[in-house]
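Q:
In structure tokens:
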């Protein structure tokens, strides 16, 4: 459902699906998600005021959010090193494909889990993105990202970085 | 295991106009060459000197045009010149970055790993070299737009428009009163947003305590694995590697060897910068899978790996793929 809301906001819903997607919006949960997405969009564009209890509701919603782990077959060559896909979307409905798993050599269990295409809570399912040494070594040198002190590390924590090594 | 957000504080603390901010406003209509580097210095200084708490949204646009958002809580404290900072991921596992007087610890509770980045000269005293300052004004059109607002704070935008296709566009929104960075945005060659971050809520001159910037975990939790990243300073040295076609505006900032975790041999690291971004070149013996080679992208970060003789060359930086590839394809052994 959240994915449909996201697609709706991005104008990616086909006309044929429109009635169905709009019908889904009639629940309070869906409306809350809709509001959440717009508040974040507003914040990124610098328009609108943040809601005072927005963060609290955001966290509560997110805690309840399942992450769908649905591995998609990809050519082995592409999958072996592709580790950049940022792990989480706001809704945590991202399909964390096994490509994202593959970069974390340290968590074979997570990969095995992905293979089972299970639906699990976001808090438990996400593999740990351990930033590559290259990225850590690089990021302090970029003035634009280093302006806010901890800025460079947003990237390391937000997104699994690439592991260059086999 | 989610921690509550830090309590919001009243935003009524008195603010003092910094002399630099006043100078910048005075020059707003006729941005001079050195304004750009002055601006960078001023904003970087504000981020280090002030106490603030807030919530940060980070957006990364994926190659297929989708957007990924993540939210963090941030607390920054400056106590008699000593800096402490805590960044906690608000979704999924509560991943955490704690900076304490230059040393950085990254906690990954989901994989029970703590990474330690030692204090370096760079993360303690970031500054631009004269070459970087020159590039900044020569390769970007710089202007300051006043009278903006971000989430209720009066703000100015510093606009860095690239003059050629070798770099991205950058916009920074800073708090008019304090100079603190409220929002930053990177755009690609087509003017599309590829990466941005913004405070959705911020309290400047917040009352913060040491407890708020302490890690939520012991220095090393009992059954966790420690990864000393040894990503500290590069030991400056000739590496024996050179880039023959450095894109215009980029100059070498440093060159040397690093010992990286799990890498048997020291890794050569060369850094180039145009004053706003950096591009790293890493060279080490090729032991990776062939699939390591080629281009990769994550928001504003591009990377490119190529095999040169028996070595793996990896170029990484906040620049268009064409810039990264040009560097990667012109890495040679120094004659």
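Residue numbers (the numbering used here), protein chains in the order written: chain V, 2 to 167; chain C, 14 to 348.
Positions of the beta carbon are idealized from the N, C-alpha and C atoms, including for glycine.
Alpha carbon to alpha carbon, how far is residue 172(C) from residue 43(C)? Give it in angstroms, no decimals.
A: With a pLDDT of only 40 at residue 43(C), under 50, the local geometry of the prediction cannot be trusted, and no value is derived from it.
Q: Verify the CB distance criterion: does residue 219(C) have a CB-CB separation below 9 Å to chain V?
A: Closer than 9 Å: no.
Q: Do you know whose CA, among 249(C), 299(C), 254(C), lies nearest residue 320(C)'s CA?
A: Comparing Cα positions, the closest option is 299(C).
Q: How big is the Cα-Cα spacing for residue 90(V) and residue 29(V)?
A: Legend: pLDDT at residue 90(V) = 25, less than 50; position of this residue unreliable, value from coordinates given subsequently. Between residue 90(V) and residue 29(V), the C-alpha separation is close to 21 Å.
Q: Could you work out which residues of chain V lie near residue 329(C), taking near to mean beta carbons separated by less than 8 Å?
A: Correct list: 135, 136, 139.
Q: Please confirm whether residue 339(C) has its beta-carbon closer than 9 Å to some beta-carbon of chain V.
A: So no, residue 339(C) is outside the interface.
Q: Going by DSSP, what residue range makes up the beta strand (DSSP E) through residue 211(C)?
A: Run containing residue 211(C): 206 to 217, per the beta strand (DSSP E) assignment.
Q: Identify the continuous beta strand (DSSP E) that holds residue 97(C) and give its terminal residues.
A: Element bounds for residue 97(C): 95 to 102.
Q: Quick check: what's the CA-CA separation for residue 257(C) versus residue 324(C)?
A: Distance between the alpha carbons of residue 257(C) and residue 324(C) is about 17 Å.
Q: Ordered along the chain, which non-local residues of its own chain (more than five positions away) have a Cβ less than 6 Å from that of residue 237(C)?
A: Here the set comprises 125, 127.
Q: Taking all protein chains shown into account, decide if residue 71(V) is buried (16 or more other Cβ within 10 angstroms of its Cβ) or exposed.
A: Reliability fails at residue 71(V), whose pLDDT of 46 lies under 50, so the model's placement of it is uncertain and the value that follows must be treated cautiously. Exposed is the call here.
Q: What are the residues that DSSP puts in a beta bridge with residue 188(C)?
A: Answer by DSSP bridge pairing, in chain order: 168(C).
Q: According to DSSP, simplified to helix, strand and coil, what is residue 35(V)?
A: Note: residue 35(V) maps to helix in three-state DSSP.
Q: If you scan the segment 257 to 323 of chain C from start to end, which runs of the beta strand (DSSP E) of 3 or more residues do you find wholly inside it?
A: Segments of the beta strand (DSSP E) lying fully in the segment 257 to 323 of chain C: 264 to 271, 280 to 286, 291 to 298, 307 to 311, 314 to 321.
Q: Residue 154(C) by DSSP, collapsed to three states: which one?
A: Looking at residue 154(C) - three-state DSSP - the assignment turns out to be strand.
Q: Return the first residue and the last residue of the alpha helix (DSSP H) that residue 128(C) is part of.
A: Note, residue 128(C): premise wrong, no alpha helix (DSSP H); beta strand (DSSP E) at 126 to 130.
Q: Does any residue of chain C bring its CB to less than 9 Å from the CB of residue 36(V)?
A: For residue 36(V), the answer is no, since every Cβ of chain C falls outside 9 Å of its Cβ.
Q: On the criterion of 16 or more Cβ atoms from any shown chain inside 10 Å, does residue 175(C) qualify as buried, or is it exposed?
A: Answer is buried; the Cβ neighbour count reaches 16.
Q: So residue 28(V) is in the beta strand (DSSP E); what residue range does that whole segment cover?
A: Careful: residue 28(V) lies outside any beta strand (DSSP E) and carries neither H nor E.
Q: Just to confirm the assignment, what range does the alpha helix (DSSP H) spanning residue 10(V) have?
A: Its alpha helix (DSSP H) spans residues 3 to 10.
Q: Tell me which same chain residues have a C-beta within less than 8 Å of the C-beta of residue 116(C), skipping the five on either side of it?
A: Cβ within range, chain order: 129, 130, 131, 132.
Q: Using DSSP's beta-bridge definition, name the partner residues of residue 240(C).
A: In the DSSP output, where bridge partners are listed per residue, residue 240(C) has 128(C).
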